[in-house]
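Written out below as structure tokens is the structure these notes cover.
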Amino acid sequence: MNIGMIGLGAMGQAMARNLVKAGHSVKAWNRSGSPVDGVTMVASPADACQGDAVLTMLSDDSVIRSVLLEPGVLSAMKPGLIHVVMSTISVAFAHELVALHAAAGIDYVSAPVLGRPDVAAKGELNILVGGAPHATATLGPVFDALGKRVWDMGADAPAANAAKIACNMMITMAIEAMAEAVVLTEANGLARESFFDLILNTLFGSRSYQVYSAIIAAGQYEPGFKASLGLKDLRLATEAAGQAGRSLPMLAAVHGQMAATVDAGWGDRDWSAMAALTIG
Numbered sequence: 200m201n202i203g204m205i206g207l208g209a210m211g212q213a214m215a216r217n218l219v220k221a222g223h224s225v226k227a228w229n230r231s232g233s234p235v236d237g238v239t240m241v242a243s244p245a246d247a248c249q250g251d252a253v254l255t256m257l258s259d260d261s262v263i264r265s266v267l268l269e270p271g272v273l274s275a276m277k278p279g280l281i282h283v284v285m286s287t288i289s290v291a292f293a294h295e296l297v298a299l300h301a302a303a304g305i306d307y308v309s310a311p312v313l314g315r316p317d318v319a320a321k322g323e324l325n326i327l328v329g330g331a332p333h334a335t336a337t338l339g340p341v342f343d344a345l346g347k348r349v350w351d352m353g354a355d356a357p358a359a360n361a362a363k364i365a366c367n368m369m370i371t372m373a374i375e376a377m378a379e380a381v382v383l384t385e386a387n388g389l390a391r392e393s394f395f396d397l398i399l400n401t402l403f404g405s406r407s408y409q410v411y412s413a414i415i416a417a418g419q420y421e422p423g424f425k426a427s428l429g430l431k432d433l434r435l436a437t438e439a440a441g442q443a444g445r446s447l448p449m450l451a452a453v454h455g456q457m458a459a460t461v462d463a464g465w466g467d468r469d470w471s472a473m474a475a476l477t478i479g
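Using the working numbering, the letters of the sequence shown correspond one by one to residues 200 to 479.
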């Protein structure tokens with residue numbers, strides 16, 4: 200397929216390489232202009248929107264708005280193109296994008312992903328897909344190149360965004376749970392490595408616990424997924440809860456803790472640095 204990409208951060212670069220490796224023709228635009236082997240860099244976002252599909256990997260609602268909506272790129276998209284937003288955006292903005300694309304006659308799909316850059320590089324992302332069945336079916340070869348499994352979130356695109364936000368919320372809850380458990384166990388003479396060995400082999404063996412227990416045990420919070428982006432996602436979760444008319448106490452706790460992490464100057468460190476704030 201002829202695929203455009205808009206946004207080549209750590210995740211976008213890994214995804215672009217895998218698309219090229221799978222035999223797709225990839226044209227990309229990035230604000231920094233950073234090249235990727237095998238990818239043709241184009242001069243504008245509109246130039247990346249002239250193929251079969253365009254994948255957007257921009258950091259948040261405001262960037263998508265400034266790059267695509269305000270300059271009128273939507274109206275310049277090739278007829279028949281499918282626009283796929285694969286970053287984490289708000290549920291409210293996803294609803295807005297659905298309406299705007301419908302008015303422009305362009306298929307829109309939400310396909311946020313679960314996985315850090317190392318997972319993206321291996322082509323093992325979990326892809327949460329919401330959108331019209333004919334559009335999501337067409338994208339099968341694209342998703343096959345990027346992920347190990349596609350999770351069908353239904354025909355309403357914003358459902359995929361809600362699922363991604365909820366997943367990220369739960370990861371931060373797992374990070375905070377482990378940090379608080381370390382406070383209790385280390386205060387009573389048990390090394391965190393021994394405690395993590397226990398929980399990983401009994402109660403909590405999922406990937407999130409595996410990945411972040413290792414980071415917490417080492418006390419090394421090198422950037423993987425930045426705390427500033429984690430704070431953004433928790434803000435999106437808080438907004439979605441408000442739109443549902445609900446107050447979520449665990450969400451409020453991790454939102455506050457992540458905000459404190461960023462305020463402490465750790466916004467560019469991995470979001471699991473939140474644990475260091477709790478453990479002290």
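We put the CB at the ideal spot given by N, CA and C, even for glycine.
Where residue i sits in the DSSP three-state scheme
i      : result
HIS454 : helix
GLY346 : strand
ASN360 : helix
SER393 : helix
LEU476 : helix
VAL238 : coil
MET276 : coil
ASP467 : coil
ALA252 : strand
LEU324 : strand
MET204 : strand
LEU313 : strand
Cα-Cα separation between residue i and residue j, rounded to whole angstroms
i      : j      : result
THR337 : ASP343 : 11 Å
LEU254 : MET285 : 7 Å
LEU267 : SER258 : 13 Å
THR460 : GLY222 : 42 Å
ALA227 : VAL341 : 15 Å
ALA458 : VAL290 : 21 Å
ALA252 : ASP306 : 9 Å
GLU269 : ALA413 : 43 Å
ALA416 : GLU375 : 13 Å
SER233 : GLY211 : 11 Å
MET256 : SER393 : 39 Å
THR335 : VAL308 : 7 Å
LEU476 : LYS363 : 25 Å
PRO422 : ALA213 : 16 Å
LEU280 : SER274 : 11 Å
HIS190 : ASN387 : Here the chain covers residues 200 to 479 and nothing more, so residue 190 does not appear.
ILE205 : LEU389 : 48 Å
ALA443 : GLY237 : 44 Å
Extent of the continuous beta strand (DSSP E) to which residue i belongs
i      : result
HIS282 : 281–284
SER309 : 306–309
LYS226 : 224–228
ALA354 : Unbroken run through ALA354: none, as it is neither H nor E.
Endpoints, alpha helix (DSSP H) assigned at residue i
i      : result
ASP317 : 316–320
SER412 : 406–417
GLY429 : 426–442
ALA293 : 290–303
GLY211 : 209–220
ALA334 : 332–337
ASP260 : 260–263
Nearest neighbour of residue i, chosen from the options [CA to CA]
i      : options                        : result
ASP246 : MET369, ILE263, MET372, ILE202 : ILE202
MET369 : MET256, THR239, ALA213, TRP470 : TRP470
ALA452 : ALA209, LEU430, VAL381, GLN442 : LEU430
TYR408 : GLY208, LEU428, MET377, LEU383 : MET377
PHE403 : ALA380, GLY418, LEU389         : ALA380
CYS248 : LYS425, VAL262, ILE263, PRO278 : PRO278
MET220 : LYS321, ALA302, VAL241, ALA298 : Before going on, a small fix: residue 220 reads as Lys here, not Met. The residue with the shortest Cα to Cα distance from LYS220 is LYS321.
Residue i CB to nearest heavy atom of the ligand NAD below 6 Å
i      : result
ASP260 : In terms of ligand content, the structure shown is empty, and the ligand NAD therefore cannot be addressed.
Nearest-angstrom Cβ-Cβ length linking residue i and residue j, presumed shorter than 8 Å
i      : j      : result
LEU345 : ILE326 : 7 Å
TRP436 : LEU450 : In the sequence as presented, Trp is not what sits at residue 436; that position holds Ala. So it is a contact: roughly 6 Å between Cβ atoms.
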